[in-house]
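Just below is one structure, and these are the notes that go with it.
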Amino acid sequence: MNTANITSSTHPSAQNQEPGSSRLVISMAVAGFISGVIIIAIYMLTFDTIKENKARELREAVFRVLPDVSHMQKLHFVDNKMVVVKSDGMDDEMIFAGYDKDAKFIGYAIQGKAPGFQDTVHILYGYLSSNSNITGMAVLESRETPGLGDKIFKDMDFVSEFINLPMHKDIKAVKKGTKTQENEIDAITGATISSKIVVKIINQAFKKWSPRLPQQGSEPALELSEVKVVKES
Amino acid sequence: MATDVSAYEEMIKGLWRDNPVFVQVLGMCPMLAVTNSAINAVVMGLATFFVLVTSSFLVSSFKQWIPKQVRISLYVIIIATFVTVVDYSLLAMLPAIHKELGAFIPLIVANCMILGRQEAFASKHGVKYAVMDAVGMSAGFMIALFSLGAVREILGVGALFGVDLFSANFEPWVIMILPPGGFLTLGLLLLFFNWFTERRRQFLIKVADVDKIAVGVKDNG
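Structure representation (structure tokens):
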């Protein structure tokens with residue numbers, strides 16, 4: 059180590075001497091370098107696992123909000139049409155299409171986000187274009203108050219209100235127990251703001267995506283990755 | 002060098018007599034922020050344990066080579082490196098818990114208890130004592146975090162480690178898992194701790210040879 063040579067002169071007896079500025083700089087630089095190497099090492103070691111975790115979480119969420127789905131692929135909205143993408147990345151202009159085991163199209167899983175009570179709330183919901191029903195809702199990311207706002211994904215009564223919810227007009231969150239219309243959602247007591255945010259995100263995403271979705275019957279066919287591999291070889 | 006004090010003593014003092022939370026009142030930010038459930042408190046305690054022990058080990062091993070003019074920055078570099086290691090490891094191994102703890106894992110860098118131990122102890126003592134001191138201090142911190150987290154979760158949710166304790170009739174005190182509940186619980190725990198310490202002191206005075214013990218306790222603190 060470089061510093062060892064330099065510091066060997068600073069024997070306890072010489073400790074009162076002021077160290078030269080080069081020594082200060084070198085010790086900071088060496089520490090910074092070692093720290094950098096360690097941080098990069100741990101980043102590279104965990105990168106694959108972290109990426110895998112995130113992908114698995116997203117995949118599980120899609121399977122949760124869309125019933126009976128066994129295959130899925132990503133659709134990207136470019137040049138006014140939906141195209142199938144195979145890349146790993148995910149952005150706001152992408153949704154998922156779900157297919158059953160015979161590769162028949164079932165529905166879409168659409169994501170949306172909006173500022174929540176504390177941080178951005180990120181939601182995924184399943185949507186059947188055949189009857190305009192929402193089939194389920196999952197919260198991908200949120201930092202709502204533990205014990206109150208986090209009920210938007212922990213309170214199963216609330217989550218199940220988004221199963222088979224007809225989406226003919228905007229949905230609305232109302233005080234718990236006062237739901238009378240089919241487009242109304244019973245909000246969570248003590249977490250009205252978080253409940254309203256969920257509803258708002260779904261309304262916004264619905265408005266954004268409805269005109270973009272392809273005509274019924276002309277949904278993009280499932281492009282199995284296996285098929286692709288065969289073609290390439 | 003603290004050769005006259007046993008290593009065991011260095012470790013045990015962090016648990017009770019110099020408990021970083023109840024006596025030194027350090028590290029309040031994670032203390033109040035992440036103790037809304039027992040499991041969060043325990044994971045935060047473990048993360049702090051790892052960072053404090055490894056940092057104290059390094060600081061005391063390299064203390065001859067750390068120029069005192071730049072020591073604070075070097076301590077922070079060492080602490081920040083280990084915090085990053087913890088952050089990525091948790092993200093890879095326990096993503097659900099990492100999500101709950103959120104910003105408070107990176108904030109371990111700024112936990113004054115950790116920097117305080119480097120400055121006050123590890124930089125002045127041998128490796129063995131520094132590690133013992135770090136183990137004791139972080140164990141004391143963990144005990145404090147856990148007692149706060151357990152009280153808040155039991156009263157605020159009616160559960161411990163996610164297991165329901167009461168019948169469905171139990172009405173959770175929601176305030177306990179919100180920030181005010183943290184302050185309330187911490188205040189009451191501090192009150193209890195001080196009351197108990199005072200009682201113990203009175204008892205020792207009454208029982209026996211009195212002033213010596215009282216002075217002895219003071220000296221080490």
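Residue numbers (our numbering), protein chains in the order written: chain A, 59 to 291; chain B, 2 to 222.
Note that the Cβ used here is the ideal one computed from N, Cα and C, for glycine as well.
- For B:D134, the uninterrupted alpha helix (DSSP H) segment begins and ends at 128–157.
- A:A263 counts as buried, since at least 16 other C-beta atoms from the protein chains shown sit within 10 angstroms of its C-beta.
- B:F105 has its alpha-carbon roughly 17 Å from the corresponding atom of B:F184.
- Looking at the DSSP output, A:M130 sits in a beta bridge with A:G156.
- Here B:A42 has T36, L146, F147, G150 as same chain residues with Cβ atoms under 6 Å from its own Cβ, once five neighbours each way along the sequence are excluded.
- Check the Cα spacing between A:L103 and each of B:Y89, B:L189, B:R202: the tightest is with B:Y89.
- Taking 9 Å as the CB threshold, B:T186 stays off the interface with chain A.
- Under the three-state reduction of DSSP, B:K100 is assigned to helix.
- Three or more Cβ pairs closer than 8 Å define a contact, and the region 88–107 of chain A falls short of that threshold against the region 162–176 of chain A.
- Between the alpha carbons of A:G207 and A:S252 lies a distance of about 5 Å.
- Secondary structure at B:Q119: helix, using DSSP grouped into helix, strand and coil.
- Here B:H99 is buried, its C-beta having at least 16 other C-beta atoms within 10 Å.
- When C-alpha distances from A:Q274 are compared across A:T236, A:K233, A:Y185, A:I260, the shortest belongs to A:Y185.
- One finds W66, I67, P68, V71, L75 in chain B with Cβ atoms closer than 8 Å to the Cβ of A:S85, taken in chain order.
- Contact between the region 81–96 of chain B and the region 107–124 of chain B is established, with three or more Cβ pairs separated by less than 8 Å.
- Of B:K207, B:L192, B:A131, B:A97, the smallest CA-CA separation from B:M12 is found for B:A131.
- A contact between stretches requires three or more CB pairs, one per stretch, nearer than 8 Å, and the region 127–144 of chain A fails this requirement with the region 113–125 of chain B.
- Between B:L53 and B:S139 a beta carbon distance of about 4 Å is seen, short of the 8 Å cut, so the two are scored as contacting.
- For A:K233, the CB contacts under 7 Å within the same chain, skipping 5 residues up- and downstream, are A245 in chain order.
- Distance from the Cα of A:V217 is smallest, within the candidate group A:T236, A:S200, A:G194, A:E202, for A:G194.
- In this structure, DSSP gives A:K139 an extended state, which the three-state scheme calls strand.
- Under the criterion of beta carbons closer than 8 Å, A:A249 and A:I192 do not qualify as touching, at roughly 20 Å.
- Here A:E202 is buried, its C-beta having at least 16 other C-beta atoms within 10 Å.
- Burial of B:L187 is indicated by the presence of at least 16 other C-beta atoms within 10 angstroms of its C-beta.
- Going by C-alpha positions, B:V164 is about 13 Å away from B:G157.
- Counting only residues of its own chain and dropping the five nearest sequence neighbours on each side, B:A121 has no CB closer than 6 Å to any other CB.
- Among the residues facing chain B, A:T250 is not included, as its CB has no counterpart in that chain under 9 Å away.
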